[in-house]
Amino acid sequence: MCERCHDERVGLISELTALAEDGSRPRLSPIIAALRRPVRVSVTGRPGVGCRSVAAVLRNHGLDCVPEGAVADVVALVIVETVKPEDRPGPDSDRPRLIVLNKADALTDPAKRAATITEQTGVRTVPMCALATGDAAPVLDAIAELSAPLRYRRLRTGLTRLHALAATDPALAELLAADTTVLTVAAAAEDVIRAAGLRLTAAEPVRSAVRWLHYSRGPVSPLHRDCGADLARGQLRLAAGHDIPT
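Each residue of the sequence shown is one higher than the one before, counting from 0 in numbering that gives the first Met the number 0.
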C-alpha cells in the first residue's frame, strides 16, 4: 500500500476491520476493500524509454500499474531526454497526468530539464532513474498529489455508504462520529487543498475552522466546498485537544 496515497485512511480502515471481524457486518467488507484499493497508474511511452522499469518501481511502492488502455486513475508518460512528436496523449488523456523523465542519470541537470519540459507541455515532469536504486519519492509524491481528489471522493463515498448502514448499527454510528473518522476526512481534504497549490497556514483551531467554513461558502468548486467544510470540522475537533491521525 503506497504510504503517500493511503496514510490518512489507515486508522479508519483498522477500526472498520475490527468491527467486521466477527462476521456480523458482511456489508462492511466491500466498503473496506474500496477504501484499501490502490491508485491505478497507466505507465505509457515509446519503446525503449523504460516503461517496464518505471512500472516495477511503482508496483514495489504499492501502486497498481494497469495495462495501457485499461481504466487508470493517473497516467504516467515515460520519456527520455525530451518530449518527441510521437509522445501523444493516450485514450486516458482526460485523466490526471505526469511526465516521468526516465534515465535522468544521463543528464547534466535533470531538474532543470524537467522544469523546461513542464513549461513546454504544461504537464508536471519529474526526473527518475528507474534502473538505479535512487529515490523514487518525487514520482510517488507527484502521483499522490494527482490522485488526492480521487482518494478524497472515494473516502466520502465510502462514508456515505457507512452512514446508511449506521442507521441500525450503534457501534458503527459511534465510529463515524468519532475523532478518528472526522480527522481522517480532514486529512484527506488537506491533501486536496495542498495538491491544488493552496497554502495551509498554522492558526488557532477555532480561527482556522471559521476560515475554512468561509472558504467552503465562497466561489469555489463543489470539491473544494466539501474540503473546506471537512477541514472546518477537523479544526473544531483539534480545538478540543486532539491531533490529526498519521
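Positions of the beta carbon are idealized from the N, C-alpha and C atoms, including for glycine. Source: prediction; values computed, not measured.
Could you check the C-alpha separation between A105 and R155 for me, to the nearest Å? Locating residue 105 in the sequence shown gives position 106, counting from the first residue. Locating residue 155 in the sequence shown gives position 156, counting from the first residue. Each residue's alpha carbon lies about 43 Å from the other.
Give me the DSSP bridge partner(s) of L235. Sequence index remark: in the sequence shown, residue 235 carries index 236 (1-based). None; L235 has no bridge partner.
Have a look at R206 and H213 and give me their C-alpha separation to the nearest angstrom. Translated into positions along the sequence shown, residue 206 becomes position 207. Translated into positions along the sequence shown, residue 213 becomes position 214. Roughly 11 Å separates the two Cα atoms.
V38 and D72 - do their beta-carbons sit closer together than 9 Å? Here residue 72 corresponds to residue number 73 of the sequence shown, with the count starting at 1. Here residue 38 corresponds to residue number 39 of the sequence shown, with the count starting at 1. Contact flag set, yes.
Spatial neighbours of P95 within its chain, please: C-beta separation below 6 Å, excluding the five flanking residues on both sides. Start at 1 with the first residue of the sequence shown, and residue 95 comes out as number 96. The residues are V73 and L145.
Which residue comes first and which comes last in the alpha helix (DSSP H) that contains A76? Numbered from 1 along the sequence shown, position 77 holds the residue referred to as residue 76. Inspection of the sequence shows that residue 76 is occupied by Leu rather than by Ala. Annotation: L76 is outside any alpha helix (DSSP H); the continuous beta strand (DSSP E) that includes it extends over V73 to V79.
Delimiting residues of the alpha helix (DSSP H) encompassing D190: Counting from 1 along the sequence shown, the entry for residue 190 is found at position 191. D178 to A194 is the span of the alpha helix (DSSP H), which, as asked, contains D190.
Alpha carbon to alpha carbon, what distance is there between V40 and A131? Along the sequence shown, one-based indexing puts residue 131 at 132. Along the sequence shown, one-based indexing puts residue 40 at 41. Rounded to the nearest angstrom, the two C-alpha atoms are 21 Å apart.
Around the C-beta of P126, are 16 or more other C-beta atoms found within 10 angstroms, so that it is buried, or is it exposed? Locating residue 126 in the sequence shown gives position 127, counting from the first residue. It counts as buried.
Where P244 and R224 are concerned, what is the direct C-alpha to C-alpha distance, given to the nearest angstrom? Locating residue 244 in the sequence shown gives position 245, counting from the first residue. Locating residue 224 in the sequence shown gives position 225, counting from the first residue. Note that P244 scores a pLDDT of 46, beneath 50, so its modelled location is shaky; the value from the coordinates is reported in the next line. Rounded to whole angstroms, P244 to R224 spans 22 Å at the Cα level.
Taking the DSSP output, what are the residues bridged to I98? In the sequence shown, residue 98 corresponds to position 99, counting from 1. Looking at the DSSP assignment, I98 forms a beta bridge with L76 and T124.
Kindly give me the distance between the Cβ atoms of V56 and V79, rounded to whole angstroms, as I take these residues to be in contact under 8 Å. The residue labelled residue 56 in the question sits at position 57 within the sequence shown. The residue labelled residue 79 in the question sits at position 80 within the sequence shown. Not a contact, Cβ separation roughly 16 Å.
Which same chain residues, not among the five before or five after G157, have their C-beta less than 7 Å away from its C-beta? Taking the sequence shown and counting its residues from 1, the one referred to as residue 157 is at position 158. Closer than 7 Å at the Cβ level, and outside the excluded window around G157, lie I30, A33 and L34.
In whole angstroms, what separates the C-alpha of A110 from that of A135? As a working note, residue 110 is residue 111 in the sequence shown. As a working note, residue 135 is residue 136 in the sequence shown. When rounded, the distance between both Cα atoms is 14 Å.
Return the CA-CA distance between V254 and L235, expressed in angstroms with no decimal places. This structure does not reach residue 254, given that the chain is present from 0 up to 245, and the question cannot be answered.
Can the beta-carbon of R210 be found closer than 9 Å to that of A202? Looking up residue 210 in the sequence shown gives position 211. Looking up residue 202 in the sequence shown gives position 203. Contact flag set, yes.
Assigned exposure category for V70 - 16 Cβ within 10 Å defines buried: Along the sequence shown, read from residue 1 onward, the residue named residue 70 stands at position 71. V70 should be labelled exposed.
Tell me whether V249 sits in a helix, a strand or coil according to DSSP, three-state version. With the chain running from 0 to 245 in the structure shown, residue 249 is simply not present.
Taking A188 and C226 to be in contact with their CB atoms under 8 Å, please state how far apart those CB atoms are, rounded to whole angstroms. Here residue 188 refers to the residue found at position 189 of the sequence shown. Here residue 226 refers to the residue found at position 227 of the sequence shown. About 4 Å separates the CB atoms of A188 and C226; that is less than 8 Å, so the two are in contact.
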